[in-house]
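Participant: Quick note on UniProt numbering: the sequence shown kicks off at 1 and runs consecutively.
Where is the CB? At the ideal position from N, CA and C, for every residue including glycine.
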Amino acid sequence: MPAHTTTPSLVLDRVSFAWPDGTPALTDVSGSFGTGRTGLVGRNGSGKSTLLRLIAGGLTPAAGHIARSADVAFLPQRLTLDVDRGVADLLGVGAALGALRAIESGDPDPRHFDAVGDDWDIEARAHAALAEAGLEPGMLDRSVGELSGGEAVLAAVTGIRLRRAPITLLDEPTNNLDRDARTLLHEMVRSWRGALVVVSHDTALLELMDETAELYGDELSVFGGPYSQWRAWLDAEQDAARQAERAAAQVVRREKRERIEAETKLARRQAYGRKAQLEKRVPPIVAGGLKRAAQVSAGKLRGEKADREASARTALDAAERRVRDDDTVRIDLPDPSVPAGRRLAELCDGERTWVIQGPERVALVGPNGAGKTTLLEQLVASAGDGDGHAPAVSTNAGRTDEEERMPTAAARVLLRTCTARALTDRVGYLPQRVDGLDDAASVLDNVSAAAPGVDAALLRNRLARFLIRGAAVDRPVASLSGGERFRVALARLLLADPPPQLLVLDEPTNNLDLDTVDQLVAALSAYRGAVLVVSHDDAFLARLGLDRVLALTSAGTLADVDVTS
1 MPAHTTTPSL
11 VLDRVSFAWP
21 DGTPALTDVS
31 GSFGTGRTGL
41 VGRNGSGKST
51 LLRLIAGGLT
61 PAAGHIARSA
71 DVAFLPQRLT
81 LDVDRGVADL
91 LGVGAALGAL
101 RAIESGDPDP
111 RHFDAVGDDW
121 DIEARAHAAL
131 AEAGLEPGML
141 DRSVGELSGG
151 EAVLAAVTGI
161 RLRRAPITLL
171 DEPTNNLDRD
181 ARTLLHEMVR
191 SWRGALVVVS
201 HDTALLELMD
211 ETAELYGDEL
221 SVFGGPYSQW
231 RAWLDAEQDA
241 ARQAERAAAQ
251 VVRREKRERI
261 EAETKLARRQ
271 AYGRKAQLEK
281 RVPPIVAGGL
291 KRAAQVSAGK
301 LRGEKADREA
311 SARTALDAAE
321 RRVRDDDTVR
331 IDLPDPSVPA
341 GRRLAELCDG
351 ERTWVIQGPE
361 RVALVGPNGA
371 GKTTLLEQLV
381 ASAGDGDGHA
391 PAVSTNAGRT
401 DEEERMPTAA
411 ARVLLRTCTA
421 RALTDRVGYL
431 PQRVDGLDDA
441 ASVLDNVSAA
451 APGVDAALLR
461 NRLARFLIRG
471 AAVDRPVASL
481 SGGERFRVAL
491 ARLLLADPPP
501 QLLVLDEPTN
511 NLDLDTVDQL
521 VAALSAYRGA
531 VLVVSHDDAF
541 LARLGLDRVL
551 ALTSAGTLAD
561 VDVTS
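#1: If the criterion is Cβ atoms closer than 8 Å, does the pair residue 552 and residue 369 meet it?
#2: Can you give the Cα-Cα distance for residue 353 and residue 344, rounded to whole angstroms?
#3: Any contact of the segment 235-246 with the segment 59-68, i.e. 3+ C-beta pairs under 8 Å?
#4: I'd like the ranges of any alpha helix (DSSP H) spanning at least 4 consecutive residues and lying wholly in the segment 90-146.
#5: In angstroms with no decimal places, state the Cα-to-Cα distance between residue 142 and residue 87.
#6: Pick from 428, 524 and 31: whose alpha carbon is nearest that of residue 380?
#7: Short check: CB of residue 442 to CB of residue 220, under 8 Å?
#8: Only counting the same chain, and skipping five residues up and downstream in sequence, which positions put a Cβ closer than 8 Å to that of residue 438?
#9: Helix, strand or coil: how does DSSP classify residue 221 here?
#10: If you check the beta carbons only, do residue 322 and residue 241 fall under 8 Å apart?
#11: Using C-beta distances below 6 Å, list every residue in its chain close to residue 376, excluding the 5 sequence neighbours before and after it, in chain order.
#12: DSSP three-state call for residue 468: helix, strand or coil?
#13: Closer than 8 Å by C-beta to residue 18: which residues in its own chain qualify, once you throw out the five before and the five after it? Chain order, please.
#14: Of all the beta strand (DSSP E) runs that stay within the bounds of the segment 169-222, which reach a length of 3 or more residues?
#15: Out of 360, 324 and 250, state which residue places its alpha-carbon closest to the alpha-carbon of residue 315.
#16: Would you kindly report the start and end of the unbroken beta strand (DSSP E) that includes residue 428?
#17: Please list the terminal residues of the continuous alpha helix (DSSP H) segment that includes residue 501.
#18: Using a Cβ-Cβ cutoff of less than 8 Å, which residues in the same chain neighbour residue 545 once the five nearest sequence positions on both sides are dropped?
#19: Among 54, 74, 213 and 347, which one has its Cα closest to the Cα of residue 166?
#20: For residue 14 and residue 218, what's the separation of their Cα atoms in angstroms?
#21: Using a threshold of 8 Å, state whether the C-beta atoms of residue 170 and residue 72 are closer than that.
#22: Are there 16 or more other CB atoms within 10 angstroms of the CB of residue 305, so buried, or fewer, so exposed?
#23: Would residue 154 and residue 184 be called neighbours here (beta carbons separated by less than 8 Å)?
#24: Compare the Cα-Cα distances from residue 199 to each of 162, 514, 122 and 303 and report the closest residue.
#25: Can the beta-carbon of residue 46 be found less than 8 Å from the beta-carbon of residue 77?
#26: Mind checking who residue 354 pairs with in its DSSP beta bridge?
#27: Considering only their Cβ atoms, is the gap separating residue 493 from residue 430 smaller than 8 Å?
#28: Tell me the DSSP secondary structure of residue 374 in three-state form.
#29: Return the chain-ordered list of same chain residues with a C-beta closer than 6 Å to the C-beta of residue 561, the five sequence neighbours on each side being excluded.
#30: Return helix, strand or coil for residue 21, following the three-state DSSP convention.
#31: Just list the beta strand (DSSP E) runs in the segment 511-556, keeping only unbroken ones of 3 residues or longer that don't cross its boundaries, in chain order.
#32: Assign residue 262 to one of three DSSP states: helix, strand, or coil.
#33: What does the Cβ neighbour count give for residue 461, buried or exposed, with the cut at 16 atoms within 10 Å?
#34: Would you list the one or two residues that DSSP bridges to residue 167?
#35: Should the segment 135-152 be regarded as contacting the segment 108-122, the criterion being three or more beta carbon pairs within less than 8 Å?
#36: Would residue 557 and residue 349 qualify as a contact pair, given that the criterion is a beta-carbon distance under 8 Å?
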């Protein structure tokens, strides 16, 4: 694999980590990251987020060592912020800015001068950085609680850039970003100074990387190029590995066949020799000599054939190890038997009503803070009576960061102008943050709570189809990766009987690796019910064969969007 040649900014030496219950997360991981931009990829559960937390110092390795060439700044996947905190503090300039303003107001306290240091232009630089991130300069004096989730992420990334962090780790930074915000983040990454390691399933973002690192089977490997080049290399390498495996298997079969044929010939010779001795066609002394010579020759031949077959099997073992036998999620959505004309839901903005019927695929798009999740919650709540057909939805269940912080005025506009109503009680809802799962309970207990009449053995079999097997079924949900949580929630959703006629999905690809996204697309393509999905992932939506795209504006209106655009 082509590897980086730059000086490492981070070096990992046989790093291991296990969760409190003893479950290993990483074992003897070694490798390094360069001083440029690196995209870190890997399957869900491979330990990418855990690795970033170890590098950042949020977790302590059980064994091994991590060498950092400089200080590390870290943006976690789940950005937990104090809503009362000022944006200036989020940017890391609160103390200097406060001191500067105190000096400007006439306070000569030396502590203020110490706090400002050489950053006399800190306010101007902060305003410029906010503007570069597409954020209003006036936001500097607002609180974090007034920001949408996407704005908070952009502000946090802006703060890291403003502090000129020499090494930065970003874990799924585009999850809460709408299209415009993603574009702004991409531009920031293009001009990034310092070492940058990004965990993401956003292929557009991964294309901006100088290198691609993969965490696979506790091995960290680095490829010198962006995601598409690495993917092409991996596909070609796997094609070659499978061809080598087939060739090695042919050699094993040939060597085995030749060994068997040789054994057959030796057996015939021995039988002939014994017969000749019994018939006394040769003198005993001659027969004995011939027997000893034949035994030596046979032993040598057997040894040669056995050695060649063993060598062939060793080569086959090596070839087989090169081939990835990765399990894939098998998402088989049930058939809800929805007639083409069956009306399942309606959305209205006060002037026009849109009806979802039959096996339609509908996407709901719009900027952060427009209220997409609020509308989905309203639809789901109108369907359920708590009997398990539709999940009970509390005020904040499944609510995204962006809409927890949605301005009250915007929420009032949305709820006054837009309504969503289910026309079936068979609605399956997968919220973005999967808040319905009990973190303290095991995977099996979480699924059993939604399907109390289903045998535990059957539930284990169903979870195995989602790559959650053995001891993992008994692990607490809190220890799962984002992708594993998604699979548990989806498996629980699919246990509904009868199956849902309408699936409502809120940003379903946020925590999924790229292979699982492929499986989800395939499953939704074969699903015969209706799908209503909220997503900022254009690549994902383009693969769903959408029948309609509805755009929700901040003013609380809905409009059709050309699905071909």
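Facilitator: Taking the structure as given:
#1: The sequence position of residue 552 within the sequence shown is 552, counting from 1. The sequence position of residue 369 within the sequence shown is 369, counting from 1. No, Cβ-Cβ distance for residue 552 and residue 369 is not below 8 Å.
#2: Residue 353 sits at position 353 when you count from the first residue of the sequence shown. Residue 344 sits at position 344 when you count from the first residue of the sequence shown. So the two alpha carbons sit approximately 13 Å from each other.
#3: no
#4: 94-104, 110-116 and 122-132
#5: Numbered from its first residue, the sequence shown carries residue 142 at position 142. Numbered from its first residue, the sequence shown carries residue 87 at position 87. Near 6 Å, if we compare the C-alpha coordinates of residue 87 and residue 142.
#6: As a working mapping, residue 380 is identified with position 380 in the sequence shown. The shortest C-alpha separation from residue 380 is found at 428.
#7: Indexing the sequence shown from 1 puts residue 442 at position 442. Indexing the sequence shown from 1 puts residue 220 at position 220. In this structure, residue 220 does not lie closer than 8 Å to residue 442 by Cβ.
#8: By one-based count along the sequence shown, residue 438 stands at place 438. Within the same chain, residue 438 has close Cβ partners 445, 446, 449 and 477.
#9: The residue labelled residue 221 in the question sits at position 221 within the sequence shown. Strand.
#10: Residue numbering aside, residue 322 sits at position 322 when the sequence shown is read from its first letter. Residue numbering aside, residue 241 sits at position 241 when the sequence shown is read from its first letter. Their beta carbons are under 8 Å apart, which means residue 322 touches residue 241 by this criterion.
#11: As a working mapping, residue 376 is identified with position 376 in the sequence shown. The answer, listed in chain order, is 504 and 506.
#12: Start at 1 with the first residue of the sequence shown, and residue 468 comes out as number 468. In the structure shown, residue 468 sits in coil (DSSP, three-state: anything other than H, G, I, E or B).
#13: Position 18 of the sequence shown, counted from the start, is the residue given in the question as residue 18. So the qualifying residues of the chain are 24, 25 and 62.
#14: 195-199 and 211-216
#15: The residue given as residue 315 occupies position 315 in the sequence shown. Ranking the options by Cα distance to residue 315, first place goes to 250.
#16: Counting from 1 along the sequence shown, the entry for residue 428 is found at position 428. Counting along the chain, the beta strand (DSSP E) containing residue 428 begins and ends at 427-430.
#17: The count along the sequence shown starts at 1 and reaches residue 501 at position 501. From DSSP, residue 501 is part of no alpha helix (DSSP H); its letter is neither H nor E.
#18: Within the sequence shown, numbered from 1, the residue matching residue 545 stands at position 545. 361 and 525, listed in sequence order.
#19: Taking the first residue of the sequence shown as position 1, residue 166 is located at position 166. Out of 54, 74, 213 and 347, 74 has the C-alpha closest to the C-alpha of residue 166.
#20: To locate residue 14, count along the sequence shown from 1; it is residue 14. To locate residue 218, count along the sequence shown from 1; it is residue 218. Straight-line Cα distance between these residues: approximately 10 Å.
#21: Position 170 of the sequence shown, counted from the start, is the residue given in the question as residue 170. Position 72 of the sequence shown, counted from the start, is the residue given in the question as residue 72. Contact: no.
#22: Within the sequence shown, numbered from 1, the residue matching residue 305 stands at position 305. So residue 305 ends up on the buried side.
#23: Along the sequence shown, one-based indexing puts residue 154 at 154. Along the sequence shown, one-based indexing puts residue 184 at 184. Yes, they are a contact pair.
#24: Position 199 of the sequence shown, counted from the start, is the residue given in the question as residue 199. Of 162, 514, 122 and 303, the residue nearest in Cα terms is 514.
#25: Here residue 46 is taken as the residue at index 46 of the sequence shown, counted from 1. Here residue 77 is taken as the residue at index 77 of the sequence shown, counted from 1. No, Cβ-Cβ distance for residue 46 and residue 77 is not below 8 Å.
#26: Along the sequence shown, one-based indexing puts residue 354 at 354. Residue 354 is bridged to 347.
#27: What you label residue 430 is simply residue 430 of the sequence shown in a count that begins at 1. What you label residue 493 is simply residue 493 of the sequence shown in a count that begins at 1. Closer than 8 Å, so yes.
#28: Taking the first residue of the sequence shown as 1, we reach residue 374 at position 374. In this structure, residue 374 counts as helix in the three-state DSSP scheme.
#29: Taking the first residue of the sequence shown as 1, we reach residue 561 at position 561. These residues qualify, in order along the chain: 549 and 551.
#30: As a working note, residue 21 is residue 21 in the sequence shown. It is coil, neither helix nor strand.
#31: 530-534 and 548-552
#32: Locating residue 262 in the sequence shown gives position 262, counting from the first residue. Correct three-state label for residue 262: helix.
#33: Taking the first residue of the sequence shown as 1, we reach residue 461 at position 461. Under this definition residue 461 is an exposed residue.
#34: Mapped onto the sequence shown, residue 167 falls at position 167. Residue 167 is bridged to 72 and 195.
#35: no
#36: As a position in the sequence shown, residue 557 is number 557, starting the count at 1. As a position in the sequence shown, residue 349 is number 349, starting the count at 1. Taking 8 Å as the Cβ cut-off, residue 557 and residue 349 qualify as a contacting pair.
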